[in-house]
Each structure stands twice: as C-alpha cells, then as structure tokens.
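Okay, structure first, notes after.
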Amino acid sequence: MTMPTRQLPMLCLLLWLLPGLAMAQTDTGPVHRDHIEVELIAATTSVQPGSTLHAGLRLLPDPGWHTYWKNPGDSGLPTRIHWTLPEGIQASGIDWPYPEAIPFAHLINYGYEGEHLLPVTLQIPDTLEAGDRVVLQAKAEWLVCEEICIPGDARLQLSLPVEMSPPARNEHTAPLFEWAEQRRPGPVDWPARFTTEGGRLNVLIGPDQFLPQEPRRWAVFVAEDNLVDHSRPADIHINNDQIRVTQPLSPFAAEVPDALRLVLVDIDNARAYALSAAGETFTTDANEAPHPLPDHQTGWLVALLLALVGGMLLNLMPCVFPVLSIKAMSLVAGTGHDQRLHGLAYTAGVVLSFAVLAALLLGLRASGEAIGWGFQLQSPLFVGVLVYLLFALGLSLSGVFDFGTRIMGLGQGLTRHSGLSGSFYTGILACVVASPCTAPFMGTALGVAVLMPWPMAMGIFLALGVGLALPMLALSFSPRLARAMPRPGPWMETFKQAMAFPLYLAVVWLLWVLARQTDANALAVILTGMVLLAFALWLVGRPAGGTGTRLLRHALVGLGLGLAAMALITVAQIEAEPRVQAEAHWEPWSADRLEALRADPQRAVLVNMTADWCVTCLVNERVALNTETVREALNTHQVSYLKGDWTRRDPAITAYLAEHGRNGVPLYVLYPREGGDPQLLPQVLTPALVVQALESL
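The sequence shown begins at 1162 in our numbering and counts up by one.
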C-alpha cells in the first residue's frame, strides 16, 4: 500500500517520537527482559524522615547466564544504575558484593550467577511528613551473558510510604539483603603496598596484628580494569602476619594507579575485605622464571594473521572493485615516477579509517549496543551518502566536473599535495565500501576481536586495514611491478572515463539496497536528489563568467546541494514495508523457529545469515544456495533452510552471530540431525561444496 506524500512529514515526526516514548515508560515491580528479570526493591516497607533507606537492584538471570562486577574481567560490562530521585534524597554508589570468577574459554570474567542484589544506600531528608510517598525511579543498564551477551535496560520505579516510626523489615526482600551483606567487603586499614616491577603485580599486606594468622583459602579481585591478566590466577601466600599477592600484569596495562583497590575473600569463612594499597618499591621474590605466552595472546596472534590475510582478500571482493579501479588508474598515470608517497598516503587513509570504524564499533558495543561489522550500511542515511559519493566520483571520471581541483579548492599551486590527498581519500573510500564485505578468514578474526580487551581488538582491526592496503603498497614500492604497468598515453583518458561505469554499477547496487531498506517512495526521492546533485556538479564544471554569472551559479549550486541533502534526510525517515516471502525453499529465521526445527530428530537445518548490502552474500545465494542443485539436495536430505535478514539492524541476529564467533555476515551454519554440533560452512560457497555438506549429515 502506497502512502500519500503529504502524510510523510507526520509519519516521520511520529517515528522520531516513538523511541523516546518507549524509553520514557517506567515499570513498577519485576521487569522481564531477554534471559533476565530485574526489579527495584527496598529492605523496609516504608521510609522514616532523617534516616537511611537500604534499596537495590535485584537481578535474576536465567540458569547458566550471568551479569558482571564493577571490574568485569577479560570481557563484559558492569551493571549501572542511573537514579531520578525526589528533592533532598541522595543515593550512594553500588555497594558491590564480591563476585565469582566465571571462566569462558580462555577468558576469566567476574560476575554473578543466580538471583543477586546490587545494594545502594539512600539518605532520606527530615523534611518529609507522615502520609507522603517517596517515589524512587532509576534506569538500570546491564549485560547478561552465557555464550552470547545481550545488553538490556529498563526504567524502574519503587514507591514507599513515609512513616514517623522506625520502618518495618520487608520479609520478602530480607534474604537478598542478607546475601548482599554477607558478601559485602568490609573496609580494613591494613597496611598494604604494591609494585608492578618485573611484569607482575606484587602486593604486600601487613605486618599487622589484626591480620588473620591461620592459613585459609583466599581469592583476590583487583578493582582496576586492564591491570592484571585475569586468565592467570593470583598466587596468595600467608606468612605469619603478612599476606603476599602476585599476579601477572595484563600485556595491555597502560596506566598504573597511585592507589590499588582490591578485595580479598576468605573462601572458607565467606568473608571479604576491601583495602587499598599504595604504590611503593619493595623487595620481591626475584629470579622468577619467565611465564609462557598466555593462551589468549596466542589466540590474538592467530587472529592478527587471519585479519591480515582477510584484509588482502578483501581486494578481490566485488564491492571493493570500483575503488580499486580509481586507484589503478592513478598508478597508471604515475608510471615512471616515484609512487611510494602515494602508497603510504593510501595506506594511511585505509588504516586510519579502519581505526575510526573500530573505535566507533567497540565504543557502541561498550555502551551496550548490539551491532556488528558493516553496521553503518544498516542505516539508509549512510547508504544514501555513499550513493551520492560514488555517483559524484563517477561524474568526475566522466568529465562532468573536476573533482580534484574545483571542488576541493586546492588551486594549481598545490597539485602535488592534491595528489597525495587523493591517495589518502581513496584509502578512506576503500575502507567505507569494503566494510559490508566479510572475506574468508576475516569473520573469525572479527568475532574474536569483540571478545578481547580493546587494545587487542584494535590491533586486529588495524591488521585488517594493513591487509587491505598491502597490495597497493607493494605496487607503489616495487619498481619491477611499476614497470609492468602500461605506459602513459592517450588511452588514459578513455580508460579514466571507462572506469566511471563500475562506479555507476555500484550506485545501482546501493540504490537496490536502499529500496530494500525503505520503499519505492524513498527510491524516487533519492533519484531526485541525484539529479539535483548532478545539476549542481555540472554547474561547478562550467567555465567561469562575470561576477553576476558567478554569483548566480554559486546560488544555484548551493540550492541544488541543499535540496539533495533534504532528499537524503527524507529518505532516512522512511521505514520499509513488510517483505513478502517470494522463495518457497526458505523461511525467515528466528530463534524460536530454529529451536522448533531442531526438536525434530529427523530434520537438519541450514541457517543463512545475510544482508542486502553484503555483495558476498548475494553472490553466494545466486551461484550456490538458490541453484536447482542445492534446492534438490535440501529436499532430498530433509534440510530446512532458514534465512536471517541483517539488512537493517536486528539485535537477535547480532547475538546469533556472536554466538558463533562472528561479527558480520555472511554466516552459514548447518545443524545435523538428532541434536549434533553445528558446522560452520566457508564464507565463499559453491553448489558442490553445499551439496557435499548436506550429504555428510
């Protein structure tokens, strides 16, 4: 059904307001989210003016799931509470109960399993009167994990009456507050010192007469992030009236605090002590044998190699070809000259872009967003910007206007700088158009990256960028390869114009992606914007006239670019209509549907996670998954085919990708009959490969 154009502004306003209205909803009582129940509770049934109120956030993860301590360990995020309180009431920070060490593969995380409470103390002013009600509101944010992690949030509310008499104990919530009190680290002033010499954290506590004398089993939790190697347990030794703690430092410990906060837990007696150690040099047990490379460092080096190889293979992906054609043309133009600076500039553009993209992705992940590789092409606005950019580059190559001088405004005196800038910006564009693709080896590297500390993850993304830039860098530094390039001549102008057509084809592909993300109205709007953009750029390429002519041209150029920008903004507000399933041999993926199919012991399942902006995905479907050979094999071997569409953001699919160690599409998972372990298929498919996998079930 087509919506009248006059209704679009009102629809856009409504769509803009709906998320805010949803976020403004405040829930009273238990709130259920994915794999967890949360609630705001109090230790008493009322509040008394001039007293304190013990309240807290109750969390109940599903069996096998957990949340995180204030230092989550090797991965994860701590739970946060943002209060909205009546005037005069003040809330303390979370009084964290000591956590449990939760292993996951080679990682160690700190958190809580089962029902638990994060307590907070609130100061109640003496200005309240009997008969009033105190309404406490808070926004809770958490990360709940099993093999996959799901961020969540809720706006919670707790209402209590004001009474002048001492408040009565809430018998329903008392066990949780008792649990939290038992696990509350009691502050102690034991003398403590620490040093980080020799690549290890060494903490010396005591001597002090109040230290425990008898041997006990101890655990230690360091409150500072990214200081120690959590995967290597701390060594704790008690000698008379001293406790010595040693633990290897994290390879990415960037800053050592002036004071070290740590929690010592007496495991046998379920007691915990919170203390602070001052940085100070002291004698440690010297001549320790060097420790072997931790497993996660070995995994990081393997991931670096996979990212480097995957980045090189990105050069073969069809979505990168238009940009490579531009760079190839520039190298042809410079045959016989020193191209090393251009290669370095191109590499700098690629690597810097990957660093920015990785920082954005990791930052959004840290804030609780469920996103993955290629997330920016899930935005119609970004796709529209890329349409405009590639269309403008194609017009430049076709000779409509001069992209290098008139638009950039660099002038004739900066020709050399302009050339290096062009190489740099070509590198940026290569990163932008390569991001929808996931080359072989690259998916595993990216999946590992988001589970590692951010310095390790950033290293993997940078290795990916170096791999993408490496072929062009080698070409610019190798005279032998440069001599193999064709010699400059009149053919170059024809070659330049011919290279515009791959860009136009890329624009057609992006317009198709945009239409799939939105609807036909959006496609008409963006095409109108492209006409306005072409008109503005055509005016830019016209010869300069008198003052009046130049002013008129500038006004028309500004008007055309402004209207094109307005068209882009309008497109970003249009939602897609529900799709009609057109292919009978597959059905839409959902976690519930997958679980239902796997419950049938005679039924195998093939899951295809794809997106319209992923060219590799589309090629695999065209040449393999949608062929008659594969369709017959699916029917013959009783394999249900599920397809997950990640064209627009879908947290459920993001979580499924993370469950299989991936951060982007394509992902192909084959589930055998009778509940066997799933098998991951390669990222580049052929009919024979798929049929062979189906026959092996």
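Note that the Cβ used here is the ideal one computed from N, Cα and C, for glycine as well.
Treat the numbers as computed from the prediction; the structure is a model and nothing was measured.
- Task: State the Cα-Cα distance for the pair Leu1818 and Ser1801, rounded to the nearest angstrom.
- Result: The count along the sequence shown starts at 1 and reaches residue 1818 at position 657. The count along the sequence shown starts at 1 and reaches residue 1801 at position 640. Approximately 19 Å between the Cα atoms of the pair.
- Message: Mapping the DSSP letters down to three states, classify Asn1787 as helix, strand or coil.
- Response: As a position in the sequence shown, residue 1787 is number 626, starting the count at 1. Coil, per DSSP.
- Measuring CA to CA, which of Leu1278, Trp1226, Gly1211, Gly1225 is closest to Ile1250? Taking the first residue of the sequence shown as position 1, residue 1250 is located at position 89. Among Leu1278, Trp1226, Gly1211, Gly1225, the Cα nearest to that of Ile1250 belongs to Gly1211.
- Message: On a Cα-Cα basis, can you pick out the residue from Arg1641, Val1406, Leu1421 that is closest to Leu1393?
- Response: For this step, residue 1393 is matched to residue 232 along the sequence shown. The residue asked about is misnamed: residue 1393 is Arg in this sequence, not Leu. Ranking Arg1641, Val1406, Leu1421 by Cα distance to Arg1393 puts Val1406 first.
- Message: With three or more beta-carbon pairs closer than 8 Å as the criterion, would you say the segment 1469-1478 touches the segment 1381-1396?
- Response: With the rule of 3 Cβ pairs closer than 8 Å, the segment 1469-1478 does not count as touching the segment 1381-1396.
- Message: I need the DSSP call for Asn1682, collapsed to helix, strand or coil.
- Response: On the sequence shown, residue 1682 is found 521 positions in, with the first residue counted as 1. Three-state result, Asn1682: helix.
- Item | Whether Phe1562 touches Gly1721 by CB criterion (8 Å) | Walking along the sequence shown from the start, residue 1562 turns up at place 401. Walking along the sequence shown from the start, residue 1721 turns up at place 560. No, the Cβ-Cβ distance between Phe1562 and Gly1721 is not below 8 Å.
- Could you confirm whether any beta carbon from chain D is found closer than 8 Å to the beta carbon of Pro1239? Chain labels in this structure do not include chain D; a single protein chain is all it has.
- Query: Candidates Ile1242, Gly1275, Asp1427, Ser1437: which alpha carbon is nearest Ile1263's?
  - Reply: Numbered from its first residue, the sequence shown carries residue 1263 at position 102. When each option's Cα is compared against that of Ile1263, the closest is Gly1275.
- Message: Three or more C-beta pairs under 8 Å: does that hold for the segment 1322-1335 against the segment 1228-1242?
- Response: No: the two stretches stay apart, fewer than three of their Cβ pairs being nearer than 8 Å.
- Task: Please list, in chain order, all residues of the same chain as Gly1313 whose beta carbon is under 7 Å from its beta carbon, the five residues on each side excluded.
- Result: Within the sequence shown, numbered from 1, the residue matching residue 1313 stands at position 152. Excluding sequence neighbours, Gly1313 sits near Arg1194, Asp1195, Ile1197, Trp1303, Val1305.
- Hey, out of Lys1300, Phe1543, Glu1332, Leu1283, whose CA is closest to Arg1241's CA? By 1-based counting over the sequence shown, the position of residue 1241 is 80. Per the Cα distances, Lys1300.
- In the DSSP assignment, find the alpha helix (DSSP H) that holds Ile1255 and state where it starts and stops. Position 94 of the sequence shown, counted from the start, is the residue given in the question as residue 1255. Run containing Ile1255: none; DSSP gives neither H nor E here.
- Message: Pro1346 and Tyr1271 - do their beta-carbons sit closer together than 8 Å?
- Response: The residue you call residue 1271 lines up with position 110 of the sequence shown. The residue you call residue 1346 lines up with position 185 of the sequence shown. No, the Cβ-Cβ distance between Tyr1271 and Pro1346 is not below 8 Å.
- Message: My output table needs one value for Arg1810: the three-state DSSP class, helix, strand or coil.
- Response: Taking the sequence shown and counting its residues from 1, the one referred to as residue 1810 is at position 649. Three-state result, Arg1810: coil.
- Count the other CB atoms within 10 Å of the CB of Leu1521; is the residue buried (16 or more) or exposed (fewer)? Indexing the sequence shown from 1 puts residue 1521 at position 360. A residue is called buried when at least 16 other Cβ atoms come within 10 angstroms of its Cβ; Leu1521 does not meet this threshold and is exposed.
- Please state if the CB of Ala1203 and the CB of Thr1334 are separated by a distance shorter than 8 Å. Taking the first residue of the sequence shown as position 1, residue 1334 is located at position 173. Taking the first residue of the sequence shown as position 1, residue 1203 is located at position 42. Closer than 8 Å, so yes.
- Residue range of the alpha helix (DSSP H) that Ala1216 falls in? Your numbering for residue 1216 matches position 55 in the sequence shown. Here Ala1216 belongs to no alpha helix (DSSP H); instead the beta strand (DSSP E) covers 1213-1222.
- Item | Coil, strand or helix - Ala1204 by DSSP | On the sequence shown, residue 1204 is found 43 positions in, with the first residue counted as 1. Ala1204 falls in the coil class under three-state DSSP.
- Query: Going along the chain, which residues of its own chain have a beta-carbon closer than 8 Å to the beta-carbon of Phe1338, five neighbours each way excluded?
  - Reply: In the sequence shown, residue 1338 corresponds to position 177, counting from 1. Same-chain partners within the cutoff: Ala1204, His1215, Gly1217, Leu1278, Pro1280.
- Task: Compute the Euclidean distance between the alpha carbons of Leu1575 and Leu1693, then round it to the nearest angstrom.
- Result: Taking the sequence shown and counting its residues from 1, the one referred to as residue 1575 is at position 414. Taking the sequence shown and counting its residues from 1, the one referred to as residue 1693 is at position 532. In this prediction, Leu1575 has a pLDDT of 30, which is less than 50 and means its spatial position is unreliable; what the coordinates show is noted afterwards. For Leu1575 and Leu1693, the distance between alpha carbons rounds to 30 Å.
- Separation of Asp1396 from Pro1376, as counted between CA atoms: The count along the sequence shown starts at 1 and reaches residue 1376 at position 215. The count along the sequence shown starts at 1 and reaches residue 1396 at position 235. The pLDDT assigned to Pro1376 is 48, lower than 50, so where the model puts this residue is not dependable, and the model offers no usable value.
- Quick one: give me the first and last residue of the alpha helix (DSSP H) that Glu1856 is part of. Taking the sequence shown and counting its residues from 1, one reaches residue 1856 at position 695. Where Glu1856 is concerned, the enclosing alpha helix (DSSP H) stretches over 1848-1856.
- Message: Just to confirm before moving on: does the CB-CB distance between Asp1390 and Gln1408 stay below 8 Å?
- Response: Taking the sequence shown and counting its residues from 1, the one referred to as residue 1390 is at position 229. Taking the sequence shown and counting its residues from 1, the one referred to as residue 1408 is at position 247. Yes; because the gap between Cβ atoms is below 8 Å, this pair is in contact.
- Item | Beta-carbon contacts of Val1791 that lie in its chain and below 7 Å, excluding the five residues immediately before and after | Here residue 1791 corresponds to residue number 630 of the sequence shown, with the count starting at 1. Only Ala1785, Pro1848, Val1851, Val1852 meet the Cβ criterion.
- Query: Any idea if Pro1224 is buried or exposed, counting beta-carbon neighbours within 10 angstroms, 16 or more meaning buried?
  - Reply: To locate residue 1224, count along the sequence shown from 1; it is residue 63. With fewer than 16 other Cβ atoms from the protein chains shown falling within 10 Å of its own Cβ, Pro1224 counts as exposed.
- Message: Let's see if you can read the secondary structure: which residues bound the alpha helix (DSSP H) around Ser1437?
- Response: Position 276 of the sequence shown, counted from the first residue, corresponds to residue 1437. Under the DSSP assignment, Ser1437 falls outside any alpha helix (DSSP H), being part of the beta strand (DSSP E) whose first and last residues are 1432-1440.
- Contacting residues, own chain, Cβ-Cβ under 8 Å from Glu1782 (five flanking each side not counted): Numbered from 1 along the sequence shown, position 621 holds the residue referred to as residue 1782. Cβ neighbours of Glu1782 beyond the five flanking positions: Asn1769, Thr1771.
- Environment of Gly1308 [buried if 16+ CB atoms lie within 10 Å]: Position 147 of the sequence shown holds residue 1308. The amino acid at residue 1308 is misidentified as Gly; the sequence shows Glu. With fewer than 16 other beta carbons inside 10 angstroms of its own, Glu1308 counts as exposed.
- Query: Whose C-beta lies closer than 7 Å to the C-beta of Glu1835 among residues of the same chain, with five residues either side of it excluded?
  - Reply: Here residue 1835 is taken as the residue at index 674 of the sequence shown, counted from 1. Pro1762.
- Item | Check whether Val1686 and Val1512 have beta carbons under 8 Å apart | Taking the sequence shown and counting its residues from 1, one reaches residue 1686 at position 525. Taking the sequence shown and counting its residues from 1, one reaches residue 1512 at position 351. Against a cut-off of 8 Å, the Cβ pair of Val1512 and Val1686 comes out as no contact.
- Message: My assumption, with CB atoms under 8 Å, is that Trp1351 sits in contact with Leu1423. Please give the rounded CB distance.
- Response: Taking the sequence shown and counting its residues from 1, the one referred to as residue 1351 is at position 190. Taking the sequence shown and counting its residues from 1, the one referred to as residue 1423 is at position 262. The pair is not a contact, with the Cβ atoms about 11 Å apart (cut-off 8 Å).
- Which one or two residues does DSSP pair with Leu1505 in a beta bridge? The sequence position of residue 1505 within the sequence shown is 344, counting from 1. In the DSSP assignment, Leu1505 is bridged to no other residue.
- Query: Where in the segment 1263-1323 do unbroken runs of the alpha helix (DSSP H), each at least 4 residues long, occur, reported from the N-terminal end onward?
  - Reply: Complete alpha helix (DSSP H) runs here, min 4: none at all.
- Item | 8 Å Cβ cutoff met for Ala1765 and Leu1828 | Against the sequence shown, residue 1765 aligns to sequence position 604. Against the sequence shown, residue 1828 aligns to sequence position 667. At the C-beta level, Ala1765 and Leu1828 stay beyond 8 Å of one another.
- Query: Hey, would you say Ala1854 sits closer than 8 Å to Leu1831, going by beta carbons?
  - Reply: As a first step, residue 1854 must be located in the sequence shown, where it is residue number 693. As a first step, residue 1831 must be located in the sequence shown, where it is residue number 670. A contact, by the Cβ cut-off of 8 Å.
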